[in-house]
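Okay, structure first, notes after.
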Amino acid sequence: MPSIPWRAISLISLASAYVSVSCEREWSAWQLLSIFATTWTFQIVCWVVWVVLLWPKYFSPLRDLPEPSGNSFLFGQLHRIRKEPTGIPHREWAKTIPNDGLIRYLGPFNQERLLVTNAKTLSEVLVTRSYDFVKPADVQHTLSRILGVGILVAEGDEHRFQRKKLMPAFAFRRTKDLYPVFWDKGREVVEAMTEHIIARGPSSSWPSEQADPEREGKRNSAVIEVGDWASRATLDIIGVAGLGKDFGAIRDPDTKLSRTYRNVFSPSREAQRLALLTLLLPNWVVASLPVKRNDDIASAAGYIRSVCRDLIREKREKMQAARSSGAGREEEKPATAAAPDVDILSVALESGAFSDENLVDQLMTFLAAGHETTATAMTWAVYLLARHPDVQSRLRREVREHLPSPAAAAADANPATVSSAEIDRLPYLNAVCSEVLRYFAPVPLTLREAGPGATIRGRRIPRGTRVVLASWATNRDPALWGEDADEFRPERWLQGGRAADDRDHQDGAADGKKHGSGGGASSNYAFMTFLHGPRSCIGQAFARAEFACLLACWAGRFEFALRDEAERDERNISIKGGATAKPETGMHVHATLVDGW
């Protein structure tokens, strides 16, 4: 439902009241207020009846599109969407409702939504007409409170400018220089997890431990919560690789920054209620309500912004000191001179394209989005490895055969690291990474809103209509991936012994045809984890590299098994709502040290 035009309704009511009383010789303020209130209430009722009851059923140009059954009289499909994990209803609708690229469904107060389902339609929304479809105002407002107005939130010309200036920081030549950073942090978190497991001692008995001789000798085992370890590791990685600062979250899980992000990314019922209120009230009113969630967000945003300002100041002082000391003069460089900083903040500062406050917004975006999404991917990766021990064993063999041991490196004064070439040439590792990102995309839904004059495949889309891009539907669509779309099968990414990169699916032509055979899908738009076009994830190469290094370290050192066998069926896992899709109560698994590496 479009936001109620409070200002227009109030002005019309005031004008009507004034005209009415001006015709009277005698009138009172009470008469003026009474007429104003009556007119105001009548307009609100008429507006609600038109928008909620008449428009979607009798007048909308979208009313002929296929839609799911079982709509509530006032709330459409809201009950099901809130009850089930984000993206699951959309996946079922895309599979079961015959359509030509668009499915209409109704949200709260019968607000129209459009689910985009096929390659041609996706290419139009994401590539050829990408700037006709923007983030909804309430989504922009919510994100900007904690992410700032960085590249993830900016729209139009501002987004084009930011992306152009930031692209050099995410170029492949920059990302490949960061692989040693990713590996070193992977080694550090493996060392910390090993200490934790040994300290905890044997975990509760394996369900089949006595009957499984392969588990003999594997008594260094403990139950761990994967999401916590993954989040701490990725926060440290984005700190070092993105900002040139080690936050120390791996060794200290209770740092203020870690606590702040845990609080922010733990959606509550209060947060859901506030989201519903934005459908009725202006965003600034909802954000000003004296409730705990608003106080938490304001406090978190203030703290994170101050951290970012300090990082920028420290980095600028370091760079100025390097220049003033003559570090740039070749004749004064010692043979062992350190390489220039390759972190993203250094590159952005060197460009001179951003003011300090612009940089603060970008850093807030990198910190939040850069660690939360990869941590979510790691959580699901460990779950899938635990569910598929054959995949886990094959991956461990490949990693151990080709990569140095993190455990051995811990005792070495000059530990071996890895390069981008070493990681990229491991076919099964890359196949597993691609399949995890396909099967459980960290961000299940992306919302857009039609702007003035927006069309999709020649059909006029009313301004303000929300367009839903559901990676959890598209990434498992049998029409795009084949009949085994719902199976976790890394082998689909292997081509003659090498991994077909999911980057084959990125930024292809607008015709929706496949450019490459990544995963055997019929279209490059079948893989929606990083989106496509001008609004695709600018840090996707960074994220893939970080993910591959962490997963290699973990899979090589540990064996993972489900704590609760009921979770072998993913439908038994309760997934919390929010920007990313993570298990509501965490992902608890048995982690066992595997000797020999």
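Going left to right, the sequence shown walks through residues 227 to 823 as my numbering numbers them.
Ideal Cβ placement from N, Cα and C applies to all residues, glycine included.
- According to the DSSP secondary-structure assignment, V693 is paired through a beta bridge with L340, R674.
- At a cut-off of 4 residues, the continuous stretches assigned as alpha helix (DSSP H) that sit fully inside the segment 588-667 are 615-628, 632-636, 646-650, 653-665.
- Going by DSSP, V815 is part of the beta strand (DSSP E) stretching over 814-819.
- Taking 7 Å as the cut-off, the Cβ atoms of L503 and V512 count as close.
- When L258, E293, A234, L348 are compared, the shortest CA-CA separation from A752 is found for L348.
- Burial check for N701: the Cβ neighbour count within 10 Å reaches 16 or more, so the residue is buried.
- Residue L611 holds the alpha-carbon nearest to the alpha-carbon of R794 among K283, L611, R535, A817.
- In this structure, the straight-line span from the alpha carbon of F580 to that of A574 is close to 8 Å.
- Annotation: the continuous alpha helix (DSSP H) that includes A524 extends over 518-550.
- One alpha carbon belongs to H385, the other to F756, and they sit about 17 Å apart.
- Shown here, L404 sits in coil according to DSSP, grouped into three states, outside any helix or strand.
- Note that the segment 609-626 touches the segment 706-719; at least 3 beta-carbon pairs, one per stretch, sit closer than 8 Å.
- Straight through space, the alpha carbons of K346 and T354 are spaced by roughly 10 Å.
- Between L706 and R674 the beta-carbon gap is near 20 Å, outside 8 Å, which marks them as no contact.
- Partner residues in the beta bridge of G302, as assigned by DSSP, are S298.
- Using a Cβ distance threshold of 7 Å, Y331 and E293 count as a contacting pair.
- The count of Cβ pairs closer than 8 Å, one atom from the segment 814-821 and one from the segment 777-791, reaches three, so the stretches are in contact.
- Of the candidates K391, P678, R495, E624, P678 places its Cα closest to the Cα of D358.
- Proximity of the segment 451-463 to the segment 591-610 meets the contact definition, three or more beta-carbon pairs being nearer than 8 Å.
- In the structure shown, F491 adopts coil according to DSSP, grouped into three states.
- If you check the CB distance, P324 and F301 do not come in under 7 Å.
- Annotated three-state conformation of L352 is helix, per DSSP.
- With respect to the C-alpha of G746, the residue from Q721, R495, A601, F262 having the closest C-alpha is Q721.
- For the 7 Å CB-CB criterion, K482 and L537 do not form a contact.
- Here W276 is exposed: its Cβ has fewer than 16 other Cβ atoms, across all protein chains shown, within 10 Å.
- The alpha-carbon separation between G803 and L621 amounts to approximately 31 Å.
- Taking the Cβ atoms as the reference, A778 lies roughly 6 Å from L629, within the contact range of under 8 Å.
- Between the C-alpha atoms of E496 and A603 there is a straight-line separation of about 26 Å.
- Nearest C-alpha to Y405 among A607, D569, S697, A547: D569.
- The continuous beta strand (DSSP E) containing A787 extends over residues 784-788.
- Look at I764 here: in three-state DSSP terms it is coil, with no helix or strand label.
- In this structure, the straight-line span from the alpha carbon of P809 to that of N489 is close to 16 Å.
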